Structure formats: structure tokens, C-alpha cells
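All remarks here apply to the structure that follows.
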Amino acid sequence: MTSLLILNGPNLNLLGMRQPEIYGSEMLADVSASCIAHGASNGYAVTCFQSNHEGDLVDTIHDAKGTHDGIILNAGAYTHTSIALADAIVGTEIPTIELHISNVYAREAFRHKSYIAPVAVGVICGFGTAGYVLALNAMIGHLGAAS
Ligand code: DQA
Numbered sequence: 037m038t039s040l041l042i043l044n045g046p047n048l049n050l051l052g053m054r055q056p057e058i059y060g061s062e063m064l065a066d067v068s069a070s071c072i073a074h075g076a077s078n079g080y081a082v083t084c085f086q087s088n089h090e091g092d093l094v095d096t097i098h099d100a101k102g103t104h105d106g107i108i109l110n111a112g113a114y115t116h117t118s119i120a121l122a123d124a125i126v127g128t129e130i131p132t133i134e135l136h137i138s139n140v141y142a143r144e145a146f147r148h149k150s151y152i153a154p155v156a157v158g159v160i161c162g163f164g165t166a167g168y169v170l171a172l173n174a175m176i177g178h179l180g181a182a183s
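Residue 183 is where the sequence shown ends in our numbering, and the numbering goes up by one at each step.
Have a look at this one:
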């Protein structure tokens with residue numbers, strides 16, 4: 037079965053509690069459950085992982101090689117700073133979609149820079165937590181087109 041990894045970076049464990057006017061009121065556990073159910077009903081295995089630590093995220097991308105066929109990555113603030121995460125995506129060659137809950141381009145200028153976007157298949161942002169299922173559908177379409 038095709039396997040997809042949803043990888044969430046720093047502070048996304050606070051989803052539902054953190055700035056709900058920006059990130060909404062849904063908890064990460066509920067978002068993850070919806071993604072797993074959506075994957076299952078389309079014949080895909082979905083695994084979800086969150087870490088606040090850059091190295092853990094790098095390790096998780098490395099470990100995804102040979103295990104997962106695609107990654108949906110909301111790297112949080114590391115999107116705007118982490119060459120290491122971009123290098124991990126390039127190094128493993130796992131198709132990756134960059135995801136943001138908020139429209140980062142309608143926010144502070146420091147959120148307009150992404151180290152992930154140039155190495156990603158594409159970017160989804162600004163659709164709230166619904167973006168996770170949008171990204172799953174986009175990855176399913178991408179992998180289907182590639183095979
Ligand atoms: C975010 C946007 C980032 O700029 C921010 O640092 C986050 C969340 C989003 O999902 O909208 O932590 O990735």
C-alpha cells in the first residue's frame with residue numbers, strides 16, 4: 037500500500053490553542069485522525085508525526101526513505117530558516133509538498149521566504165487545517181501521475 041507521511045514541525049502541537057484566529061480551533065490530533073481516515077478511504081496508509089526539534093524532523097525524513105512514498109511537510113517556522121530540512125528532502129528524493137495552515141504571504145515578510153518550496157513538488161497554504169486533506173489529495177494525484 038502506498039504510504040504517506042504527514043510531518044509537522046515546531047509549535048504545531050499547540051494547534052487549537054495557539055492563535056486560533058490564525059490557525060483555527062481544530063486540534064492536531066483531530067487533523068491527524070481526519071488525514072488517516074481520508075487516506076484509508078482512498079487506499080493510502082497515512083502516518084503522522086510532530087516534533088519541535090529540527091534534528092528530529094531531519095531524522096524522520098531520512099527514516100522515511102524506503103518507508104513512505106510522499107511527505108506532506110508543515111515545517112512551521114523552520115520553513116523560513118532550515119537549509120537542513122531542504123537538504124534532507126533533496127538527499128532522500130522523497131516527493132514533498134510544503135503546507136501551511138495560514139497564508140504566509142499575507143503575513144510578516146519573514147514568512148515569505150521558504151527554503152522548502154524550491155525543493156518541493158508544490159506548496160499549499162492559506163486554507164486552514166483543510167489544507168492537510170487538500171495536500172493529501174495533491175500528493176495522491178502527483179504519485180498517481182508519476183506511476
Ligand atoms: C505555519 C506558518 C509559519 O510561518 C509558522 O511559523 C507556523 C505555522 C502555518 O501552518 O501557517 O508555525 O507553518
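Just so it is clear, CB atoms sit at the ideal spot from N, CA and C, and this is done for glycine as well.
This structure is a prediction, so every number in the text was calculated from the model and none was measured.
Can we count residue i as close to ligand 1, meaning its CB is less than 7 Å from some heavy atom?
i           : result
residue 137 : yes
residue 116 : yes
residue 113 : yes
residue 78  : no
residue 140 : yes
residue 64  : no
residue 172 : no
residue 49  : no
residue 88  : no
In terms of alpha-carbon separation, which member of the options lies closest to residue i?
i           : options            : result
residue 87  : 48, 131, 132, 144  : 48
residue 158 : 142, 146, 144, 179 : 179
residue 69  : 166, 176, 175, 174 : 166
residue 168 : 99, 37, 83         : 83
residue 43  : 139, 51, 96, 62    : 96
residue 146 : 114, 126, 174      : 114
residue 118 : 67, 90, 175, 131   : 90
residue 71  : 174, 98, 156       : 174
Secondary structure at residue i, three-state DSSP: helix, strand or coil?
i           : result
residue 111 : coil
residue 88  : coil
residue 139 : coil
residue 83  : strand
residue 119 : helix
residue 127 : helix
residue 144 : coil
residue 106 : strand
residue 132 : strand
Since residue i is in the alpha helix (DSSP H), which residue starts that stretch and which ends it?
i           : result
residue 72  : 64 to 77
residue 181 : 167 to 182
In the DSSP assignment, find the beta strand (DSSP E) that holds residue i and state where it starts and stops.
i           : result
residue 155 : Looking at the DSSP string, residue 155 is not in any beta strand (DSSP E), and its letter there is neither H nor E.
residue 48  : Premise fails: residue 48 is in no beta strand (DSSP E) and is neither H nor E.
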